[in-house]
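Data first, discussion second: the structure below is written as structure tokens.
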Amino acid sequence: MLPIPRALLLVLVLFVTSGLGAAAQPLPDRAGPVLLTLTKAGGQTLGLDRAALAALPATTLRTTTIWTIGPQAFTGVTLRDLMARFGARGQAVRAHAANDYAIDIPWLDVDSGSALIAYARNGKPMSVREKGPLWLVYPYDSDPIFRQETYHARSVWQLDRVEVIP
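Anchor point for the sequence shown: position 100 equals 917 in my numbering, and the numbering is continuous, going up by one each time.
Structure representation (structure tokens):
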């Protein structure tokens, strides 16, 4: 039989290496209004304000769009990083806009890291008039596939909810 200290060490090592001990870093206290509600496949909901989104790994994507003039720099969090941070998994996500527009986006877009929830454009927060405060965008200039209507339809502006579909 293992002595107690070695047994505790073994349990601790197994706990940490199994992923059960990987505690998520806490989000900052909500300082502003909820910009995005994430609903996980089990029904758990999380409300994220600008500070919570900004606390996640930021990505800046430079691209043109059919809705803007000239190249734009979008800064935000990828769907992949958002889902990984909150342990969300599914077959697809349903992205909802403030006007109740909704579209299902295959999990492949999440896994690829191509979908970005932008909270800034050209270094500034986006107003509702500018398709904000959140806009789901893709790297349209990186591949002709992103310039197809399928991806234009998935580019939800005034994004306010993301629901994981099991």
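We put the beta carbon where it would ideally sit given N, CA and C, even for glycine. Small disclaimer: the values here were computed from a predicted structure and weren't measured.
Item                                                                                                                                               : Value
Quick one: what's got a C-beta closer than 8 Å to L853's C-beta in the same chain, skipping five residues either side?                             : G864, L865, L870, I934, L951, L976, D977, R978 and V979
Cutting at 6 Å between CB atoms, please list the residues of its own chain near A919, excluding the five before and the five after it.             : R911 and H913
Extract the residue ranges of the alpha helix (DSSP H) inside the stretch 839 to 915, only unbroken runs of 4 or more that lie entirely within it. : 867 to 871 and 896 to 902
Helix or strand or just coil, what does DSSP make of A970?                                                                                         : helix
In whole angstroms, give me the CA-to-CA distance for T856 and V927.                                                                               : 15 Å
Give the secondary structure of L951 by DSSP, where H, G and I count as helix, E and B as strand, and everything else as coil.                     : coil
Would you call the CB atoms of T880 and P888 closer than 8 Å?                                                                                      : yes
Do T882 and V954 have their CB atoms nearer than 8 Å?                                                                                              : yes
Quick one, are the C-beta atoms of K941 and W884 less than 8 Å apart?                                                                              : no
State the beta-bridge partners of V979 as determined by DSSP.                                                                                      : L855 and A912
Taking DSSP as the reference, what is the three-state secondary structure of D958?                                                                 : coil
Tell me A935's beta-bridge partners as DSSP assigns them.                                                                                          : G893 and W952
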